[in-house]
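Engineer: After the structure tokens below, expect a handful of questions from me.
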Amino acid sequence: KCSCSMCSLPEVRNGQFRPRRNQYTYNDVIETTCNEGFVLEGPGRVSKCTATGWNPRPPVCNVKNGRMTEYYERYKPFPLREGQTVDFHCEHGFLPANQQTWQRATCINSRYEPELKCFSNFQINAKTKYNCHNGYSTSKGETQAETQCLTEGWSPEPECIRRTCGPPPTIKNGFFLNAESSIYRHGDTVEYRCQQHSTLIGTSLAKCLHGQWEVPLCLGNQQCAAAAKKANEVLGYINRGILSRSHEVLLLLYTALVRPRLEYRIQFCYHDKKDVETLKRM
Numbered sequence: 002k003c004s005c006s007m008c009s010l011p012e013v014r015n016g017q018f019r020p021r022r023n024q025y026t027y028n029d030v031i032e033t034t035c036n037e038g039f040v041l042e043g044p045g046r047v048s049k050c051t052a053t054g055w056n057p058r059p060p061v062c063n064v065k066n067g068r069m070t071e072y073y074e075r076y077k078p079f080p081l082r083e084g085q086t087v088d089f090h091c092e093h094g095f096l097p098a099n100q101q102t103w104q105r106a107t108c109i110n111s112r113y114e115p116e117l118k119c120f121s122n123f124q125i126n127a128k129t130k131y132n133c134h135n136g137y138s139t140s141k142g143e144t145q146a147e148t149q150c151l152t153e154g155w156s157p158e159p160e161c162i163r164r165t166c167g168p169p170p171t172i173k174n175g176f177f178l179n180a181e182s183s184i185y186r187h188g189d190t191v192e193y194r195c196q197q198h199s200t201l202i203g204t205s206l207a208k209c210l211h212g213q214w215e216v217p218l219c220l221g222n223q224q225c226a227a228a229a230k231k232a233n234e235v236l237g238y239i240n241r242g243i244l245s246r247s248h249e250v251l252l253l254l255y256t257a258l259v260r261p262r263l264e265y266r267i268q269f270c271y272h273d274k275k276d277v278e279t280l281k282r283m
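Mapping of the sequence shown onto the numbering used here: residues 2 to 283, in sequence order.
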């Protein structure tokens, strides 16, 4: 006994298919088209009824030049009923007809008024640069990037990811206060204190900047004493008036603990701010 394969009635939102029948059997073919303002996205417009269903699956119809998304988390199923509204906005580089960030359309006489269309002032293959807000960057860590307008949209897709820091690091001869969170945003600060018989170098507030902590340094007295031996090396600068005579200057060269991007930094156990800036320029 033989039985014929049957395919269910396909559902094409924002479009239609032909021929329309109450049922489809093995080897029947349909062609999908989209409503005005929408474009096909899928392997092709023609699908055939097979033993396992439609092959390929009927394509979908998306808004031309951009996908329609829910705005302010309002969900409205498609198709809409007469008089219902939908809020939509366009992908990066495109704007609705009102040239605003979003637009509301109403279902009137089986059509959307205004039409769900997105427009662009960019031509195909045109390139543009975009900047991420402070505290954000691309997946490559860049705050500025370039994207190109292609027929299928922007490539690469513009992205700005908020950079965060993990828990503040422990430092030698010091500790941090009231740091209970495991994630910190760009610009967040945590206070550090030095242990007894240690001297604070830099500000007591560590700051999360672009995904990394900038922390102070706590030097023990023995470290400062060792640095004092280096003082004679800068007496020549003092005699030439480069450094102030009114302050005891202790010079210490240490590898980059505060700013890893620098190989060496110059700091002082006891210093005048003007002296530090002078040495930085030397």
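No residue lacks a Cβ here, since even glycine has one placed at the ideal position from N, Cα and C.
(1) Report all residues from its chain with a CB closer than 7 Å to the CB of Leu210; omit the five preceding and five following residues, and keep chain order.
(2) For a test of the three-state rule: what should DSSP assign to Val13, helix, strand or coil?
(3) Trp155 bridges to which residues according to DSSP?
(4) Just confirm the distance between the C-beta atoms of Cys195 and Asn174, as a whole number of angstroms; I'd bet it's less than 8 Å.
(5) With respect to the beta strand (DSSP E) encompassing Arg21, which residues constitute its N-terminal and C-terminal limits?
(6) According to the neighbour-count rule (16 or more other Cβ atoms, all chains shown, within 10 Å of its Cβ), is Thr204 buried or exposed?
(7) From Glu74 to Gln101, what does the alpha carbon distance come to, in whole angstroms?
(8) For the beta strand (DSSP E) holding Gly336, just list the boundary residues, first then last.
(9) If you reduce the DSSP assignment to three classes, tell me which class Gln196 lands in.
(10) Within 10 Å of its beta-carbon, does Leu10 have 16 or more other beta-carbons around it, so buried, or fewer, so exposed?
(11) Does the stretch 157-170 touch the stretch 135-147, meaning 3 or more C-beta pairs lie closer than 8 Å?
(12) Determine the direct distance from the alpha carbon of Asn132 to that of Cys192, and round the result to whole angstroms.
(13) Have a look at the DSSP bridge pairing and note the partners of Gly221.
(14) Could you pull out every residue in the same chain whose Cβ sits closer than 8 Å to the Cβ of Val30, ignoring the five residues on either side in sequence?
(15) If we count the other Cβ atoms within 10 Å of its Cβ and call it buried at 16 or more, is Thr26 buried or exposed?
(16) Enumerate in chain order the residues of its own chain whose CB-to-CB distance from Ala146 is below 6 Å, with the five nearest sequence positions on each side excluded.
(17) Can you grab the Cα-Cα spacing for the pair Arg19 / Arg82, in whole Å?
(18) Any idea what DSSP makes of Asn63, helix, strand or coil?
(19) Which residues mark the beginning and the end of the beta strand (DSSP E) in which Trp214 is found?
(20) Using beta-carbon positions only, say whether Gln85 and Cys108 come within less than 9 Å of one another.
(21) Please identify the residue among Cys150, Pro169, Thr33 whose C-alpha is closest to the C-alpha of Gln124.
(22) Within the 9 Å Cβ cut-off, does Phe176 reach chain D?
(23) Rounded to whole angstroms, what is the Cα-Cα separation between Ala207 and Asn99?
Structural biologist: Quick answer:
(1) Once the five neighbours on either side are set aside, the close Cβ partners of Leu210 are His187.
(2) DSSP, read as helix, strand or coil, puts Val13 in coil.
(3) Trp155 pairs with Cys150.
(4) 6 Å between Cβ atoms; contact.
(5) Per DSSP, Arg21 belongs to no beta strand (DSSP E) and is neither H nor E.
(6) Only exposed fits Thr204, as fewer than 16 other CB atoms lie within 10 angstroms of its CB.
(7) Bear in mind that the predicted position of Glu74 carries a pLDDT of just 31, short of 50, making it unreliable; the figure below should be weighed with that in mind. Glu74 and Gln101: Cα-Cα distance of roughly 18 Å.
(8) No answer is possible for residue 336: the residues shown for the chain start at 2 and end at 283.
(9) Gln196: coil per DSSP, three-state reduction.
(10) Leu10 should be labelled exposed.
(11) Between the stretch 135-147 and the stretch 157-170, the count of Cβ pairs shorter than 8 Å is three or higher; the stretches touch.
(12) Note that residue 192 is Glu in the sequence shown here, rather than Cys. Rounded to whole angstroms, the gap between the alpha carbons of Glu192 and Asn132 is 31 Å.
(13) Looking at the DSSP assignment, Gly221 forms a beta bridge with Ser199.
(14) Here the set comprises Val47, Ser48, Lys49, Cys50.
(15) Classification for Thr26: exposed.
(16) Taking C-beta separations shorter than 6 Å and ignoring five residues to either side along the sequence, the partners of Ala146 in its chain run Thr139, following chain order.
(17) Using only the alpha carbons, I get a separation of about 23 Å.
(18) Strand at Asn63.
(19) Its beta strand (DSSP E) spans residues 213-215.
(20) In this structure, Cys108 lies closer than 9 Å to Gln85 by Cβ.
(21) The shortest C-alpha separation from Gln124 is found at Cys150.
(22) Absent from the structure is chain D; it holds one protein chain and no more.
(23) For Ala207 and Asn99, the gap between their C-alpha atoms comes out near 46 Å.
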